[in-house]
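Peer 1:
Laid out in structure tokens, this is it:
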């Protein structure tokens with residue numbers, strides 16, 4: 085009988101494998117065609133050169149026939165460029181499915197975005213739960229290819245959402261679960277988007293105050309340019325150059341007056357607006373989809389303003405920017421002082437910016453949220469055994485059946501049950517080193533984070549209230565700061581205690597608490613701390629290998645209990661089953 089893991093992962097693995105094979109075949113075919121066209125180009129070039137030499141040697145008057153190979157060469161050059169683009173795109177498609185295969189086969193660690201720039205050492209759980217960095221939760225989840233998508237996903241992981249928002253994300257992820265074509269398209273566009281588009285600079289440009297306010301100037305510039313052109317017609321008819329000189333002087337003076345401001349605004353928009361055509365394609369990828377869930381419909385609606393889609397608006401801006409950049413042409417530069425080319429382009433861009441500029445940031449944020457939802461959908465698709473948690477009104481509450489750590493391969497993850505709530509608020513977990521205590525704490529915390537960002541969790545069933553996760557698991561000395569592990573731990577515990585003053589109950593996860601002190605002081609300190617946490621409405625777990633701390637539940641009555649992980653010594657070798665059992669550990 086096939087294992088649970090092999091059966092559940094068969095569908096995504098087979099789908100990814102099939103699509104990966106197809107993508108690789110397309111890539112090879114495009115590469116073959118690209119090489120063939122390259123060889124044909126070389127052959128046409130060689131034939132044209134030989135023909136030209138023959139014509140020169142025989143003084144032939146049929147030189148105009150060289151236009152034929154020249155035209156063929158230009159057509160081949162265009163086709164060759166298109167094939168190069170197709171090869172690049174197909175390589176990105178291959179990369180998309182290779183990474184997908186790595187995730188379903190648990191070979192993903194170190195292959196994706198680590199998100200280390202989002203790691204804040206002072207955050208109550210980010211470092212302790214391996215949210216960011218190599219082999220982190222962010223690396224497993226993140227399929228986003230735009231900065232906005234990564235930032236949105238990181239923000240969701242770092243703070244619990246409202247229950248209605250969580251449910252909206254769950255519904256959206258379910259709808260997006262099987263939309264592999266959309267995920268592929270966004271990934272392949274996003275690779276270039278990431279390299280070229282500068283969303284923050286573009287958003288800031290859109291929100292900048294207007295440079296040109298007068299409508300008169302927008303009408304005067306094209307009118308004066310037309311007058312200057314007409315003056316040459318008058319010169320040709322009447323032979324009087326006075327009108328030309330007057331029009332030229334008037335236009336030159338107007339250009340000189342606005343030259344500095346035009347150059348400043350042109351530089352700003354050219355710097356911020358790179359690869360706008362690509363940005364329009366990213367917007368269009370989401371606009372062209374048909375959605376049913378309220379969250380997706382609302383996000384899609386945010387990509388419109390005044391009845392105009394964001395992709396159409398950005399494409400219009402891209403065309404205006406292309407006209408502005410054509411002003412770098414030498415001929416246009418020479419005529420610009422009298423034809424107001426740059427001025428008119430800048431004025432047209434300003435008109436666009438007044439209408440749509442303040443929407444740019446919202447459009448990019450909407451795309452970021454859609455990408456983050458695609459990441460949750462991909463995780464849901466690739467982990468069919470994981471379930472969405474249920475949220476309850478009773479607070480605090482945390483109940484999980486078959487809970488396992490999401491970063492451990494499914495085949496090796498050991499599942500345990502856990503229940504905390506109003507009645508049982510503290511579980512003290514004893515056991516030897518390497519028995520699984522720290523991993524168990526991290527598994528609880530990571531699943532709580534996943535649950536509250538809208539993702540499925542690694543459990544058979546999970547019910548919880550919204551909680552503020554706080555952990556003290558990975559506390560180390562700071563050599564640069566000259567701070568000891570004990571001092572760092574005290575600061576961390578102070579921050580956890582401060583969190584109990586917030587609106588949400590705290591779920592605390594404390595590993596080997598106060599290990600920098602002697603057993604007597606550790607017992608007194610730990611007892612004082614957990615009593616205060618429970619008094620303030622918190623629930624959680626404390627792990628220890630110091631059996632003196634197992635006395636604490638006895639002083640707290642029914643609100644606390646002892647559990648343990650055990651080891652076994654067989655034939656001189658230690659073994660662990662990583663199963664949580666009630667009571668105090670008996671082995672040593």
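In the numbering used here, the protein residues as written are 85 to 672.
From the three backbone atoms N, C-alpha and C, an ideal C-beta is built for every residue, glycine too.
On a predicted model such as this, the values are computed, not experimentally measured, just so you know.
1. Report back the beta-carbon spacing between residue 512 and residue 637 to the nearest angstrom; my notes put them in contact at under 8 Å.
2. So, with DSSP's three-state summary, where would you put residue 659?
3. For residue 350, which residues in the same chain have their Cβ closer than 7 Å to its Cβ, ignoring the five residues on either side in sequence?
4. Which residues bound the beta strand (DSSP E) around residue 523?
5. How about residue 589 and residue 480: are their beta carbons less than 7 Å apart?
6. Might you give, ordered along the chain, the residues of its own chain that have their beta carbon closer than 7 Å to the beta carbon of residue 634, omitting 5 neighbours on each side?
7. Confirm, please, whether the CB-CB distance from residue 555 to residue 209 is below 7 Å.
8. To which residues of the same chain is residue 583 closer than 7 Å at the C-beta, ignoring the five residues directly before and after it?
9. Taking the alpha-carbon positions, what's the residue 420 to residue 326 distance?
10. Rounded to the nearest angstrom, what separates residue 627 and residue 365 at their Cα positions?
11. Looking at the strands, I want to know which residues DSSP matches up with residue 624.
12. According to DSSP, residue 518 sits in a beta bridge with which residue or residues?
13. So, helix, strand or coil for residue 203, using DSSP?
14. With distances taken Cα to Cα, identify the nearest neighbour of residue 308 among 629, 105, 428.
15. Are the stretch 152–163 and the stretch 122–134 touching by the rule of at least three beta carbon pairs closer than 8 Å?
16. Given this structure, state the Cα-to-Cα distance separating residue 410 from residue 417, to the nearest angstrom.
17. Helix, strand or coil for residue 482 per DSSP?
18. Kindly indicate if chain C contains any beta-carbon less than 7 Å away from that of residue 235.
19. May I ask you to report which of helix, strand or coil DSSP gives residue 429?
20. Does the stretch 481–498 come close enough to the stretch 261–274 to have 3 or more Cβ pairs within less than 8 Å?
21. Compare the C-alpha of residue 475 against each of 239, 198, 535 and name the closest.
22. When you compare only the Cα positions, how much space is there between residue 433 and residue 441?
23. Flag this pair as yes or no: are the beta carbons of residue 233 and residue 455 separated by less than 7 Å?
24. My guess is that residue 531 and residue 543 are in contact by the Cβ rule of under 8 Å, so how many angstroms apart are they, rounded?
25. With 16 as the cutoff for other CB atoms within 10 Å, does residue 336 come out buried or exposed?
26. Who are residue 393's beta bridge partners in DSSP?
27. If you reduce the DSSP assignment to three classes, tell me which class residue 413 lands in.
28. Please work out which residues of its chain come closer than 6 Å, Cβ to Cβ, to residue 564, disregarding the five sequence neighbours upstream and downstream, and give them in chain order.
29. On the three-state DSSP scale, how would you describe residue 30?
30. State the DSSP-derived secondary structure class of residue 487, mapped to helix, strand or coil.
31. Measure the C-alpha to C-alpha separation of residue 345 and residue 352 and round it to an integer number of angstroms.
32. By Cβ distance, which residues of its chain are closer than 7 Å to residue 170, with the 5 residues on each side in sequence left out?
33. How do the stretch 369–380 and the stretch 244–264 stand: do at least 3 beta-carbon pairs fall below 8 Å, yes or no?
34. Do you know how far the Cα of residue 610 is from the Cα of residue 269?
35. When you compare only the Cα positions, how much space is there between residue 363 and residue 492?
36. Terminal residues of the continuous beta strand (DSSP E) containing residue 500?
Peer 2: In brief:
1. 6 Å
2. strand
3. 408, 426, 430
4. Careful: residue 523 lies outside any beta strand (DSSP E), inside the alpha helix (DSSP H) at 521–537.
5. yes
6. 512, 514, 646, 668
7. yes
8. 208, 552, 554, 590
9. 21 Å
10. 51 Å
11. 510, 592
12. None; residue 518 has no bridge partner.
13. coil
14. 428
15. yes
16. 9 Å
17. strand
18. Of the protein chains in the structure, only one exists, and it is not chain C.
19. helix
20. no
21. 535
22. 10 Å
23. yes
24. 6 Å
25. exposed
26. 388
27. coil
28. Low confidence applies to residue 564: its pLDDT is 38, below 50, so where it sits in the model is not reliable enough to give any reading.
29. Outside the displayed range of the chain (85 to 672) lies residue 30, so it cannot be described from this structure.
30. strand
31. 11 Å
32. 114
33. yes
34. 53 Å
35. 37 Å
36. 500–504
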